[in-house]
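Below is one structure; the comments refer to it alone.
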Amino acid sequence: MSNDTPQPTPYAPIGRIPVVEVGPVAEGGRWPTKAVVGEVVPVRATVFREGHDAVAATAVLVAPDGTDHTRVRMRDIRPGLDTFFAQVVPDAEGLWGFRVEGWSDPYGTWEHDASIKIHADVDVELMLAEGALVLERAAAQDSLSGAQRTVLLDAVTALRDSSRPPGARLAAGTSPEVKAVLEATPLRDAVSASATYPLRVHRRLALFGSWYEFFPRSEGAVKDPTTGAWTSGNLRTAAKRLPGIAAMGFDIAYLTPIHPIGTTNRKGRNNTLTALPGDPGSPYGIGAAEGGHDAIHPDLGTVADLDAFVAEARRQGLEVALDIALQASPDHPWVTEHPEWFTTRADGTIAYAENPPKKYQDIYPLNFDNDPEGIYVAIRDMLEHWVEHGITAFRVDNPHTKPLPFWERLLREFDEAHPEVIFLSEAFTKPAMMRTLATIGFHQSYTYYAWRNTATELGEYLTEISGDLGSVMRPSFWPTTHDILTPYMQQGGVPAFAIRAIIAATAVPTWGIYAGYELAESVARPGAEEQIDNEKYEFKPRDWDEAAQRNGLTGLLTRLNEIRREHPALQQLRNVTVHGTTDDAILCFSKRLAPEHAPDGVGETLIVCVTTDPYATRQGHLQLDMSALGLSAGEEFVAHDVLSGQTFAWGASPYVRLDPHGSAAHIVVVGRH
709 MSNDTPQPTP
719 YAPIGRIPVV
729 EVGPVAEGGR
739 WPTKAVVGEV
749 VPVRATVFRE
759 GHDAVAATAV
769 LVAPDGTDHT
779 RVRMRDIRPG
789 LDTFFAQVVP
799 DAEGLWGFRV
809 EGWSDPYGTW
819 EHDASIKIHA
829 DVDVELMLAE
839 GALVLERAAA
849 QDSLSGAQRT
859 VLLDAVTALR
869 DSSRPPGARL
879 AAGTSPEVKA
889 VLEATPLRDA
899 VSASATYPLR
909 VHRRLALFGS
919 WYEFFPRSEG
929 AVKDPTTGAW
939 TSGNLRTAAK
949 RLPGIAAMGF
959 DIAYLTPIHP
969 IGTTNRKGRN
979 NTLTALPGDP
989 GSPYGIGAAE
999 GGHDAIHPDL
1009 GTVADLDAFV
1019 AEARRQGLEV
1029 ALDIALQASP
1039 DHPWVTEHPE
1049 WFTTRADGTI
1059 AYAENPPKKY
1069 QDIYPLNFDN
1079 DPEGIYVAIR
1089 DMLEHWVEHG
1099 ITAFRVDNPH
1109 TKPLPFWERL
1119 LREFDEAHPE
1129 VIFLSEAFTK
1139 PAMMRTLATI
1149 GFHQSYTYYA
1159 WRNTATELGE
1169 YLTEISGDLG
1179 SVMRPSFWPT
1189 THDILTPYMQ
1199 QGGVPAFAIR
1209 AIIAATAVPT
1219 WGIYAGYELA
1229 ESVARPGAEE
1239 QIDNEKYEFK
1249 PRDWDEAAQR
1259 NGLTGLLTRL
1269 NEIRREHPAL
1279 QQLRNVTVHG
1289 TTDDAILCFS
1299 KRLAPEHAPD
1309 GVGETLIVCV
1319 TTDPYATRQG
1329 HLQLDMSALG
1339 LSAGEEFVAH
1349 DVLSGQTFAW
1359 GASPYVRLDP
1369 HGSAAHIVVV
1379 GRH
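Pasting the structure below:
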């Protein structure tokens, strides 16, 4: 861990006002939790004391320079259980920290006791005199403004004015004006601070963005109608696709591996063991005579062509991500230069990748046991090479098959040297590994979204990933990838593609699609959860003009990205509330951004209700938690659907009718009458 990382105190005596169970904290502060610039970060702690005096707490956000940046009064959100909560918002990148201060609240203690005793006519003058003393102490604080001090001293005068009725004197000492001053600048006794816990703050794109994946060799690929021979597309022809990607509102153009592809054991179409002449092979079988991970496939062009591609992307407002697969084809230069980087079997052969019963004969996995330092340096230098050529994001293939100490070191080094670079973890694996990869440094993580299909499953998953998990793992929702085509997507047709895009784009701040989504490509290879004629093993040029007109998906994707940009509440992760419905196929959730955290100072609440049934119309009533929407139980509100343009009058239980072939969802902005 970097030397500048704030560390929790290894041991300290418990304070007079105990502060325990502070969060969000990763392994006691061993690793920083995460945020981005402008993200609302929830802070919680259990704060209590002996006896019956009132306690309170303050969340303190510590800037990278070590100064206290923000102090926010915490609220007891579970009376009787002493759980205090507040939200803080970092406004710059860097390594921040936060702590919780518990304190005795003499004004709160007096107000509670005085309200009971004076109304019961017990110790009336004594309680009023004690109130005056408390407010005099509060008024003596140097941090008060002149106007604030005047408010408190006027209350002191009123409390001591025996010519007035006791009730009026108490009212003066507990007025809204007095409480507002003490809310802003409280009188704090016996202040007891927790440790300061680290909070790593990244740039906004680490949380909020839209990814578009494509194979550059398919863009501009041409098949000779006479001979059937293919001419590969290249980075120059792929650059022609960038305006279309930008027009749909995506932020990142993500390229599958662009390196030379081996010929030994090259896979043929549909993952067959024998490649026919002209089969391009899988770009994940990296390495050939032309070079390895730091080289570009000759068919795709040169480094100059990549530079031109990156420059065009930037002109279109896009960043470029590169797929990194840390493995080698049998023809990779590493195999002959560093055979110790691979596993040699008893018969002298190098072990290829296996995940029984799956076999990947065209890939040799790296063995990090024999020369971990040599492998580390090679991979670090390779990534540095691509960063020098404008790559600002990496999608990492199967990071869960590499040692965690390797990733912790690499990600820490890049965070220090290149804080702008984002790493997306493609780890469809056990929850502990997914979470730990995120905790030790991956900025974003693929999730189980593709396999959560029912409204109940999705609602539970949204609650999970937006809760404590959201402090370390930023979820990226992908309905499909070049490797994943679930039965839901295979069987649900265009409605399934529309439904899954709506949920992915609104439920979490980061989402992505794989090229061809616009065409609802849904035919699977028999017995597999992936497309037939998989683009991993062949060229697949598409008619994008046809896609724009074919089924409305291009327009939907464009509109979803517009809505995401227009509504800051959708750009946050940890503000999700899942609501009930009377139809078990309807998912409903809301996202709220309070005025004090909104860019415009106004704030907003959005409600998304969407059918999860791609076949039939569903109807029912939503069961809205009005308090989560910032509304009273019986209040009616204006519901403006930013997806359809319609406006409705809704209350706590509005009726909805959702047609997967037409209006599959409402994305509603909550407004006042």
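Counting from 1, position 80 in the sequence shown corresponds to residue 788 in the working numbering; the numbering is continuous, with no gaps. Every residue, glycine too, gets a C-beta built ideally from N, C-alpha and C.
* **Continuous beta strand (DSSP E) assignments of at least 3 residues falling wholly in the region 1175–1253** => 1183–1185, 1218–1222
* Asked: Among P787, G805, P1303, which residue has its Cα nearest to the Cα of H777?
  -> G805
* Asked: Quick one: Cα of Y920 to Cα of D761, how far?
  -> 57 Å
* Contiguous beta strand (DSSP E) assignments of at least 3 residues, all confined to the region 1030–1096 -> 1061–1063, 1066–1068
* To do: Assign I960 to one of three DSSP states: helix, strand, or coil.
  => strand
* Asked: How many Å lie between N711 and I1148 at the Cα?
  -> Summary for N711: the model assigns pLDDT 48, below 50, so the residue's position carries little reliability, and this model does not support an answer.
* To do: At 3 residues or longer, and completely inside the region 858–919: list those beta strand (DSSP E) runs for me, N to C.
  => 897–901, 905–910
* Measure the CB-CB distance between V1378 and T1313 and report whether it falls below 7 Å. => yes
* State the DSSP-derived secondary structure class of M709, mapped to helix, strand or coil. => Its pLDDT being 43, under 50, M709 is placed unreliably in this model, and the value from its coordinates should be taken loosely. Looking at M709 - three-state DSSP - the assignment turns out to be coil, as it is neither helix nor strand.
* Do three or more CB pairs link the region 1099–1107 to the region 1030–1047 at distances below 8 Å? -> yes
* **Three-state secondary structure (DSSP) of R807** => strand
* To do: Figure out for me which residue from D799, A771, A765, E844 has the closest Cα to the Cα of I785.
  => A765
* Based on the DSSP secondary-structure assignment, which residues constitute the bridge partners of W739? -> A734
* To do: Please work out which residues of its chain come closer than 7 Å, Cβ to Cβ, to D1039, disregarding the five sequence neighbours upstream and downstream, and give them in chain order.
  => G970, T971, T972, G995, A996, A997
* Counterpart residues of K931 in DSSP-defined beta bridges -> W938
* Residue closest to A898, alpha-carbon to alpha-carbon, out of E809, A1146, K1138 -> E809
* Which residue's Cα is closest to the Cα of R1006: L943, E1045, T1052, K948? -> In the sequence as displayed, the identity of residue 1006 is Pro instead of Arg. For the residues L943, E1045, T1052, K948, the minimum Cα distance to P1006 belongs to L943.
* To do: Drop a sphere of 10 angstroms on the beta-carbon of D1123, count the other beta-carbons inside from all chains shown, and report buried for 16 or more, exposed for fewer.
  => buried
* Applying the criterion that 16 or more other CB atoms from any shown protein chain within 10 Å of the CB defines a buried residue, is P740 buried or exposed? -> buried
* Express the C-alpha separation of E1344 and H1381 in angstroms, rounding to a whole number. => The predicted model places H1381 with a pLDDT of 49, which falls under 50 and marks its position as unreliable; any figure quoted below should be read in that light. Rounded to the nearest angstrom, the two C-alpha atoms are 8 Å apart.
* Asked: For I1271 versus A1373, is the C-beta distance shorter than 7 Å?
  -> no
* To do: Buried or exposed for K1066, please, with buried defined as at least 16 other CB atoms from any protein chain shown within 10 angstroms of its CB.
  => exposed
* Could you check what DSSP says for I725 in three-state terms: helix, strand or coil? => coil
* Asked: Over what stretch of residues does the alpha helix (DSSP H) that includes D829 continue unbroken?
  -> No alpha helix (DSSP H) holds D829; DSSP gives it neither H nor E.
* Relative to the alpha-carbon of M1090, which residue among A1140, G1000, R1023 has its alpha-carbon at the smallest distance? -> G1000
* To do: Report back the beta-carbon spacing between G993 and D1070 to the nearest angstrom; my notes put them in contact at under 8 Å.
  => 4 Å
* **DSSP beta-bridge partners of R752** => G731, F793
* Asked: Where does S1352 land, buried or exposed, given buried means 16+ other C-beta within 10 angstroms?
  -> exposed
* Asked: Would a C-beta distance cut-off of 7 Å place T1289 and G1328 closer than the cut-off?
  -> yes
* Tell me L921's beta-bridge partners as DSSP assigns them. => The question names Leu, yet the displayed sequence has Glu at residue 921. Bridge partners of E921: Y962, Y1222.
* Are three or more beta carbon pairs between the region 747–761 and the region 836–853 nearer than 8 Å? -> no
* Cα separation between I725 and E844? -> 23 Å
* Let me know if A1424 comes out buried or exposed under the rule of 16 or more other beta-carbons within 10 Å of its beta-carbon. => Look at the range of the chain in this structure, 709 to 1381, and you will see that residue 1424 is not part of it.
* **Inter-residue spacing [alpha-carbon to alpha-carbon] between F1076 and I960** => 31 Å
* To do: Out of G917, L1074, L1008, point me to the one whose CA is closest to A947's CA.
  => L1008
* **C-alpha distance - T1189 paired with E1045, whole-angstrom precision** => 34 Å
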